[in-house]
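K.L.:
Take 1 as the starting number for the sequence shown in UniProt numbering and just add one per residue. Here it is: the structure, laid out below.
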Amino acid sequence: MAGDALPGAVSTSTVSETASSSLWSFVGDNPYFQAGFGLLGVGAAMTVARTGSIWASTMLRRRMLVSLEIDNRDRAYEWFLAWMAHRAKSSTASASRTAPWIRSHELSVETMIERRPNGSSSVFFQLVAGPGTHWFKYKGAWMQVKRERETRSMMGGQQTGTAVPWETVTLTTLSRDRILFPELLAEARDLGMQGQEGMLVIHTAWGTEWRPFGKPRRKRPVSSVVLEPGMSEKIEADIKAFLARRKWYADRGIPYRRGYLLHGPPGSGKTSFIQALAGSLSYDICILNLSERGLADDKLNHLLSNAPERSFVLIEDIDAAFNKRVQTTADGYQSSVTFSGFLNALDGVASGEERIVFMTTNHVEQLDPALIRPGRVDFSALIDNASPRQARILFERFYGGEVTGDHKVSSNDLDALADKLQNIVEEKMNNGQRVSMAALQGHFIRHRAADAVCSSLELFHA
Ligand SMILES: Nc1ncnc2c1ncn2[C@@H]1O[C@H](COP(=O)(O)OP(=O)(O)OP(=O)(O)O)[C@@H](O)[C@H]1O
Ligand SMILES: [Mg+2]
Numbered sequence: 001m002a003g004d005a006l007p008g009a010v011s012t013s014t015v016s017e018t019a020s021s022s023l024w025s026f027v028g029d030n031p032y033f034q035a036g037f038g039l040l041g042v043g044a045a046m047t048v049a050r051t052g053s054i055w056a057s058t059m060l061r062r063r064m065l066v067s068l069e070i071d072n073r074d075r076a077y078e079w080f081l082a083w084m085a086h087r088a089k090s091s092t093a094s095a096s097r098t099a100p101w102i103r104s105h106e107l108s109v110e111t112m113i114e115r116r117p118n119g120s121s122s123v124f125f126q127l128v129a130g131p132g133t134h135w136f137k138y139k140g141a142w143m144q145v146k147r148e149r150e151t152r153s154m155m156g157g158q159q160t161g162t163a164v165p166w167e168t169v170t171l172t173t174l175s176r177d178r179i180l181f182p183e184l185l186a187e188a189r190d191l192g193m194q195g196q197e198g199m200l201v202i203h204t205a206w207g208t209e210w211r212p213f214g215k216p217r218r219k220r221p222v223s224s225v226v227l228e229p230g231m232s233e234k235i236e237a238d239i240k241a242f243l244a245r246r247k248w249y250a251d252r253g254i255p256y257r258r259g260y261l262l263h264g265p266p267g268s269g270k271t272s273f274i275q276a277l278a279g280s281l282s283y284d285i286c287i288l289n290l291s292e293r294g295l296a297d298d299k300l301n302h303l304l305s306n307a308p309e310r311s312f313v314l315i316e317d318i319d320a321a322f323n324k325r326v327q328t329t330a331d332g333y334q335s336s337v338t339f340s341g342f343l344n345a346l347d348g349v350a351s352g353e354e355r356i357v358f359m360t361t362n363h364v365e366q367l368d369p370a371l372i373r374p375g376r377v378d379f380s381a382l383i384d385n386a387s388p389r390q391a392r393i394l395f396e397r398f399y400g401g402e403v404t405g406d407h408k409v410s411s412n413d414l415d416a417l418a419d420k421l422q423n424i425v426e427e428k429m430n431n432g433q434r435v436s437m438a439a440l441q442g443h444f445i446r447h448r449a450a451d452a453v454c455s456s457l458e459l460f461h462a
């Protein structure tokens, strides 16, 4: 029909047909073009094949391989690296033929320094898998470990120089072996937690994260911190009652948190008691230092609301941090935590998360009333210098019972000496003179029982 209306068009199409058929015959006859088209075809086929094989291998990976990514914000990260290092070490030790490493040229060292209160320290090295790809066999399954480090994005406080690179380890194995992942992680966790039973873990702030500080310490029995009779039981009962009332708080929409303030003169056992209490409840301690460089309100807020589970946040010498509201260190550095920022962080966003904050101070009278109002401080207790009774109990603990060797005294003598000491403390107290429990402890360490009592007079101060 189109041809009837437009005869010209028909002739044009005829012309182009003739031209194209001659083009085809030209191309068909030309060997170069033939080869070119051949190559093109092969290329195209290869591209298709390659795309196909990539697609197929992706599909295969998806279907047959499974990956598990652990990043260094997760506690499992350190556990896993330590676990791998442990396996490598134990297999080399037993000279086993099935060494778990095929390739372990990239190692990195992790150094742990433990400083003890007496000034000594120990250093431990652990060789862990460095960034790169490693292989190992676990319960008959091959696993690939890829440790990657992203240095551009750092986590932590750049200003404080505590920034750490973002890292991940990716474990890949056959899909059918995926059930091994939880087993492996549980094994790594058990190894990581090994020796932490009966231990107290202290965390410190590392940028915006909490990290365990040093090696876990041995727990101190609560009874070894001698407070005024009944005081220790009172605090323990309060915290236990709080821990038992999670639902009660939730039902009433009250934020589930409690603040404790222990105040009193230096060396009366505030810090020791908090540590012992944490240990007895199997809680960790997170030490928050408000004067730390680079700690600003937002970080403080983050740290307070992201403390590890089952832990006390401990803020020492709260008076020193805020009695002037703006904090300035000796070198003129001004902390960027503001008083109001701190109050807000203590209030925090209402959440179901449990939070227990312990604060200590030597000068409760210098604290701003806003800080010690209920909700921020719910329980406040004076932990004072030695009372006659406390001095007596500490003395008895020191020289009686299990203690052997030079310090051992017969129970009759012990009683008489304890009476004498108790009287001395009482008399001095009536004259307005006191002694700290720390001073008594130091004195008892240096003296035998009888000498300790006789020479105790010099310890008292107004
Ligand atoms: N009530 C106590 N019972 C047993 N030991 C105590 C007691 N008070 C202090 N000590 C001993 O004295 C030392 C110092 O105690 P601790 O650090 O707990 O005092 P503190 O009240 O926190 O002092 P500061 O206010 O200076 O921080 C510790 O070695 C501790 O064992
Ligand atoms: Mg203290």
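All C-beta atoms in this analysis are idealised placements derived from N, C-alpha and C, irrespective of residue type, glycine included.
Report whether the distance from the Cβ of T204 to the nearest heavy atom of ligand 2 is below 8 Å.
P.N.:
For the purposes of this step, residue 204 is taken as the residue at position 204 of the sequence shown. T204: no, Cβ never under 8 Å from ligand 2.
K.L.:
Considering just the uninterrupted stretch of the beta strand (DSSP E) at R211, what are its terminal residues?
P.N.:
In the sequence shown, counting from the first residue as 1, residue 211 sits at position 211. Unbroken beta strand (DSSP E) run through R211: 209–212.
K.L.:
Tell me whether S311 is buried or exposed, calling it buried when 16 or more other Cβ atoms sit within 10 Å of its Cβ.
P.N.:
The residue labelled residue 311 in the question sits at position 311 within the sequence shown. Buried.
K.L.:
Which parts of the stretch 252–306 are runs of the alpha helix (DSSP H), unbroken and 4 residues or longer, counting only runs that do not cross its ends?
P.N.:
Runs of the alpha helix (DSSP H) inside the stretch 252–306: 270–280, 297–305.
K.L.:
Quick check on the DSSP output: the alpha helix (DSSP H) that includes R392 runs from which residue to which?
P.N.:
One-based indexing of the sequence shown puts residue 392 at position 392. Its alpha helix (DSSP H) spans residues 388–399.
K.L.:
Hey, quick one: how far does the alpha helix (DSSP H) through A438 stretch, first residue to last?
P.N.:
In the sequence shown, counting from the first residue as 1, residue 438 sits at position 438. Residues 437–446.
K.L.:
Rounding to the nearest angstrom, what Cα-Cα distance links E233 and R73 in this structure?
P.N.:
The count along the sequence shown starts at 1 and reaches residue 233 at position 233. The count along the sequence shown starts at 1 and reaches residue 73 at position 73. Going by C-alpha positions, E233 is about 37 Å away from R73.
K.L.:
Assign R325 to one of two classes, buried (16 or more other C-beta atoms within 10 Å of its C-beta) or exposed (fewer than that).
P.N.:
Residue 325 sits at position 325 when you count from the first residue of the sequence shown. At R325, the pLDDT of 48 sits below 50, so the modelled position is not reliable; the number obtained from the coordinates is stated separately. Residue burial is scored here from C-beta neighbours: R325 has fewer than 16 other C-beta atoms within 10 angstroms and is therefore classed as exposed.
K.L.:
Round the Cβ separation of G269 and I383 to the nearest angstrom and send it over; I've been treating them as touching at under 8 Å.
P.N.:
As a working mapping, residue 269 is identified with position 269 in the sequence shown. As a working mapping, residue 383 is identified with position 383 in the sequence shown. Contact flag correct, Cβ pair sits at about 6 Å.
K.L.:
So the beta strand (DSSP E) G132 belongs to, where does it begin and stop?
P.N.:
Within the sequence shown, numbered from 1, the residue matching residue 132 stands at position 132. 132–138 is the extent of the beta strand (DSSP E) around G132.
K.L.:
Could you name the residues that DSSP lists as bridge partners for E316?
P.N.:
Mapped onto the sequence shown, residue 316 falls at position 316. For E316, which the question treats as bridged, DSSP gives no partner whatsoever.
K.L.:
Distance, Cα to Cα, R389 vs G375?
P.N.:
Stepping through the sequence shown from its first residue, residue 389 is reached at position 389. Stepping through the sequence shown from its first residue, residue 375 is reached at position 375. So the two alpha carbons sit approximately 33 Å from each other.
K.L.:
Shorter than 8 Å, the distance from the beta carbon of T271 to the closest heavy atom of ligand 2, or not?
P.N.:
Here residue 271 is taken as the residue at index 271 of the sequence shown, counted from 1. Result yes, Cβ under 8 Å from ligand 2.
K.L.:
Please report the distance separating the alpha-carbon of Y283 from that of S53.
P.N.:
Here the question's residue 283 lines up with position 283 in the sequence shown. Here the question's residue 53 lines up with position 53 in the sequence shown. About 54 Å.
K.L.:
DSSP three-state label for E148, please.
P.N.:
What you label residue 148 is simply residue 148 of the sequence shown in a count that begins at 1. The answer is strand: DSSP assigns E148 an E or B state.
K.L.:
For Q422, I'd like the list of residues in its chain whose CB is within less than 6 Å of its CB, leaving aside the five on either flank, ordered along the chain.
P.N.:
Along the sequence shown, one-based indexing puts residue 422 at 422. The residues are P388, R392.
K.L.:
Starting from the C-beta of residue 463, find all residues in its chain whose C-beta is less than 7 Å away, skip the five residues before and the five after it, and write them out in chain order.
P.N.:
Residue 463 is absent from the model: the chain starts at 1 and stops at 462.
K.L.:
Could you tell me the alpha carbon to alpha carbon distance between L227 and I274, rounded to whole angstroms?
P.N.:
One-based indexing of the sequence shown puts residue 227 at position 227. One-based indexing of the sequence shown puts residue 274 at position 274. Using only the alpha carbons, I get a separation of about 12 Å.
K.L.:
Would you mind giving the Cβ-Cβ distance between I318 and T271, rounded to the nearest angstrom? I have them listed as a contact below 8 Å.
P.N.:
As a working mapping, residue 318 is identified with position 318 in the sequence shown. As a working mapping, residue 271 is identified with position 271 in the sequence shown. The pair is not a contact, with the Cβ atoms about 13 Å apart (cut-off 8 Å).
K.L.:
Just confirm the distance between the C-beta atoms of L288 and L303, as a whole number of angstroms; I'd bet it's less than 8 Å.
P.N.:
For the purposes of this step, residue 288 is taken as residue 288 along the sequence shown, with counting starting at 1. For the purposes of this step, residue 303 is taken as residue 303 along the sequence shown, with counting starting at 1. Confirmed, Cβ separation roughly 6 Å.
K.L.:
By a C-beta neighbour count over all protein chains shown, 10 Å radius and 16 as the cutoff for buried, is A95 buried or exposed?
P.N.:
Taking the sequence shown and counting its residues from 1, one reaches residue 95 at position 95. In this prediction, A95 has a pLDDT of 45, which is less than 50 and means its spatial position is unreliable; what the coordinates show is noted afterwards. A95 is exposed by the Cβ-count criterion.
K.L.:
Would you kindly work out how many angstroms separate the C-alpha atoms of T204 and P212, rounded to a whole number?
P.N.:
Sequence index remark: in the sequence shown, residue 204 carries index 204 (1-based). Sequence index remark: in the sequence shown, residue 212 carries index 212 (1-based). The straight-line gap from Cα to Cα measures roughly 6 Å.
K.L.:
Report the partner residues of E69 according to the DSSP bridge assignment.
P.N.:
Looking up residue 69 in the sequence shown gives position 69. The partner list for E69 (beta bridge, DSSP) reads T170.
K.L.:
Between the Cα of A386 and those of P369, R373, V425, spot the shortest distance and give me the residue it belongs to.
P.N.:
Taking the sequence shown and counting its residues from 1, one reaches residue 386 at position 386. Closest option to A386, Cα to Cα, is V425.
K.L.:
At a cut-off of 8 Å, is E316 close to ligand 1 when judged by its beta-carbon and the heavy atoms of the ligand?
P.N.:
To locate residue 316, count along the sequence shown from 1; it is residue 316. Yes, Cβ of E316 sits closer than 8 Å to a heavy atom of ligand 1.
K.L.:
Assuming the contact rule is C-beta atoms closer than 8 Å, A434 and F460 should be a hit. Round their C-beta distance to whole Å, please.
P.N.:
Numbered from 1 along the sequence shown, position 434 holds the residue referred to as residue 434. Numbered from 1 along the sequence shown, position 460 holds the residue referred to as residue 460. Note that residue 434 corresponds to Arg in the displayed sequence, not to Ala. About 6 Å separates the two Cβ atoms, so the contact holds.
K.L.:
Which two residues bound the contiguous beta strand (DSSP E) that contains V226?
P.N.:
Position 226 of the sequence shown, counted from the start, is the residue given in the question as residue 226. Careful: V226 lies outside any beta strand (DSSP E) and carries neither H nor E.
K.L.:
Measure the beta-carbon distance from L200 to A278 and round it to whole angstroms, keeping in mind my assumption that it falls under 8 Å.
P.N.:
Working through the sequence shown from its first residue, we reach residue 200 at position 200. Working through the sequence shown from its first residue, we reach residue 278 at position 278. Yes, L200 and A278 are in contact; Cβ-Cβ is about 6 Å, under 8 Å.
K.L.:
When you compare only the Cα positions, how much space is there between E167 and F181?
P.N.:
On the sequence shown, position 167 is the one that residue 167 refers to. On the sequence shown, position 181 is the one that residue 181 refers to. When rounded, the distance between both Cα atoms is 19 Å.
K.L.:
Nearest CA to the CA of I229: which residue from L394, A49, A45, T170?
P.N.:
Along the sequence shown, read from residue 1 onward, the residue named residue 229 stands at position 229. Rather than Ile, the amino acid found at residue 229 in this sequence is Pro. Ranked by Cα distance from P229, the first of L394, A49, A45, T170 is L394.
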